[in-house]
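Chemist:
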Amino acid sequence: MFINERTKPHELIYYEALSARTSLMKKEAAKFENVKKGYEGEMLYDRILDSIGHGNVLIYRDLFLSIDGSVTQYDTLIISDIGIISNEIKNFSGSVTVRDGSWYRGNFSIPNDAFSQLNRAVGKLMELRNTSRSDFKVSGKLIFPNDNFTFHSDDQSNWNKIILRSGLRDYFRQFNQSAIAAGNKAQYISRLISSSIVENPYFKPEVDKTRLKFGLYCGRCGRFNLSKKRFHLTCNKCGSTECNETHLLRAMNDYKFLFYNQPMTRNSLLEFIDYEIPQYTVSRFVNKYCFQHKSGNTSHYTFKYYDFNDAINKSDVYKRYRDSRS
């Protein structure tokens with residue numbers, strides 16, 4: 052069973068917010084596309100696994116583990132009484148060839164060796180096992196969920212390290228066997244993993260505020276061309292109408308990921324939305340959706356939710372003034 056949700060990567064939300072408020076540079080656009088494609092591959096992996104079933108095993112997704120002084124990111128960890136399997140998901144497309152240990156797409160080399168990444172991930176889990184003086188098996192697979200991917204290798208042993216889309220369902224079915232069921236040992240391994248989880252330490256964005264367009268934009272077409280009503284803003288381009296609350300949640304999401312770990316004050320948020328919603332309304336919703344941190348006579352706020360979608364899905368507050376999409 053899934054132990055945790057797979058959330059959008061910090062980088063993906065950052066680039067979504069950045070692209071909504073400025074034109075991306077070439078390097079940024081390439082990075083955005085790469086992160087988005089990776090997340091789509093992870094979601095495809097989850098959907099296929101969900102369709103097969105996973106009640107016999109414990110599954111962690113998208114987490115960072117601090118092991119022996121360093122932090123390693125894991126796409127998926129599958130835990131049973133036998134041990135841990137790390138699944139590193141690569142949403143590659145096209146044809147890839149491995150020759151003499153190097154990866155190539157056509158005649159161009161791929162700089163990051165996926166096998167080395169997998170070996171490091173598995174090695175850190177072995178360190179965790181050994182440090183805890185435990186006895187369980189640790190292994191890993193590279194998962195390629197994209198139908199439009201072919202793999203060639205001059206080393207036949209590499210085939211034992213990968214799972215292609217054509218074999219993915221059969222690979223998942225093995226976890227439904229009773230011999231692999233999660234019992235007391237799996238629960239122990241799960242506690243070991245949970246105690247090592249840390250926040251992503253590598254996400255440290257730096258954005259030039261002068262590049263950004265401040266204000267509110269349409270959630271449907273992205274235009275900064277809205278007409279104000281008492282409780283709504285309507286897009287003059289596509290006709291979509293969203294309430295003030297929805298717009299402020301999106302703005303707080305953008306602020307969180309564009310200025311990560313920087314304090315958000317009521318005034319800085321008002322400036323960010325270009326004062327398009329009255330101060331008293333902003334104050335009300337900031338108090339509702341954020342944690343307040345006081346320091347003397349000043350206060351700053353942190354968004355209570357992971358991102359915009361998390362806030363929309365978890366908020367139990369009745370919206371009197373509903374959004375509508377034309």
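Heads up: the sequence shown begins at 52 in the numbering used here, then just goes up one per residue. The beta carbon of each residue, even a glycine, is placed where N, CA and C say it ideally should be.
1. Using the Cα positions of Phe187 and Phe354, report the straight-line distance between them to the nearest angstrom.
2. Let's test the definition: count the other Cβ atoms within 10 Å of the Cβ of Met315 and tell me whether it reaches 16, buried, or not, exposed.
3. Tyr331 to Phe282, Cα distance in whole Å?
4. Going straight from the alpha carbon of Pro60 to that of Arg184, what length do you get?
5. Is the Cβ-Cβ distance between Gly266 and Ile324 less than 9 Å?
6. Assign Tyr125 to one of three DSSP states: helix, strand, or coil.
7. What do you get for Met76, buried or exposed, if any count of 16 or more other CB atoms within 10 angstroms of its CB means buried?
8. Have a look at Tyr239 and Glu91 and give me their C-alpha separation to the nearest angstrom.
9. Could you tell me whether the region 187–198 touches the region 78–97, where touching means 3 or more Cβ pairs closer than 8 Å?
10. Any idea which residues DSSP pairs Gln343 with across the strands?
11. How should Tyr111 be labelled, buried or exposed, when 16 other C-beta atoms within 10 angstroms of its C-beta is the threshold for buried?
12. Identify whether Lys59 lies in helix, strand or coil by the three-state DSSP scheme.
13. Are the C-beta of Asp164 and some C-beta of chain D separated by less than 9 Å?
14. Since Val147 is in the beta strand (DSSP E), which residue starts that stretch and which ends it?
15. So Asp374 and Cys286 are supposed to be a Cβ contact under 8 Å. How far apart are they, rounded?
16. Alpha carbon to alpha carbon, what distance is there between Phe310 and Lys260?
17. Determine contact between the region 118–128 and the region 242–255, defined as no fewer than three beta-carbon pairs at a distance below 8 Å.
18. Keeping to the same chain, check which residues put their C-beta closer than 7 Å to that of Ser385; ignore five residues upstream and five downstream.
19. The beta strand (DSSP E) spanning Gly89 covers which residue range?
Modeler: Looking at the coordinates:
1. Numbered from its first residue, the sequence shown carries residue 187 at position 136. Numbered from its first residue, the sequence shown carries residue 354 at position 303. Distance between the alpha carbons of Phe187 and Phe354 is about 40 Å.
2. Numbered from its first residue, the sequence shown carries residue 315 at position 264. With 16 or more other Cβ atoms within 10 Å, it is buried.
3. Working through the sequence shown from its first residue, we reach residue 331 at position 280. Working through the sequence shown from its first residue, we reach residue 282 at position 231. So the alpha carbons of these two residues sit roughly 13 Å apart.
4. On the sequence shown, position 9 is the one that residue 60 refers to. On the sequence shown, position 133 is the one that residue 184 refers to. The alpha-carbon atoms of Pro60 and Arg184 are separated by roughly 33 Å.
5. In the sequence shown, the residue the question calls residue 266 occupies position 215. In the sequence shown, the residue the question calls residue 324 occupies position 273. If you check the CB distance, Gly266 and Ile324 come in under 9 Å.
6. As a working mapping, residue 125 is identified with position 74 in the sequence shown. Residue state, collapsed to three classes: strand.
7. Counted from its first residue, the sequence shown places residue 76 at position 25. Met76 comes out exposed.
8. Looking up residue 239 in the sequence shown gives position 188. Looking up residue 91 in the sequence shown gives position 40. Their backbone Cα atoms lie some 31 Å apart in a straight line.
9. Judged by pairs of C-beta atoms under 8 Å, the region 187–198 touches the region 78–97, as three or more such pairs exist.
10. For the purposes of this step, residue 343 is taken as the residue at position 292 of the sequence shown. Beta-bridge pairing links Gln343 to Tyr352.
11. Position 60 of the sequence shown, counting from 1, holds the residue named residue 111. With 16 or more other Cβ atoms within 10 Å, it is buried.
12. On the sequence shown, position 8 is the one that residue 59 refers to. Shown here, Lys59 sits in coil according to DSSP, grouped into three states, outside any helix or strand.
13. Absence of chain D from the displayed structure is noted, only one protein chain being present.
14. For the purposes of this step, residue 147 is identified with residue 96 of the sequence shown, where counting begins at 1. Unbroken beta strand (DSSP E) run through Val147: Gly145 to Arg150.
15. One-based indexing of the sequence shown puts residue 374 at position 323. One-based indexing of the sequence shown puts residue 286 at position 235. No, Asp374 and Cys286 are not in contact; Cβ-Cβ is about 11 Å, not under 8 Å.
16. Numbered from its first residue, the sequence shown carries residue 260 at position 209. Numbered from its first residue, the sequence shown carries residue 310 at position 259. Those two C-alpha atoms are separated by around 9 Å.
17. By the Cβ rule, the region 118–128 counts as touching the region 242–255, because three or more pairs are nearer than 8 Å.
18. The shown model of the chain, from 52 to 377, leaves out residue 385, and the question about it has no answer.
19. Position 38 of the sequence shown, counted from the start, is the residue given in the question as residue 89. Premise fails: Gly89 lies in the alpha helix (DSSP H), Lys77 to Ile103, not in any beta strand (DSSP E).
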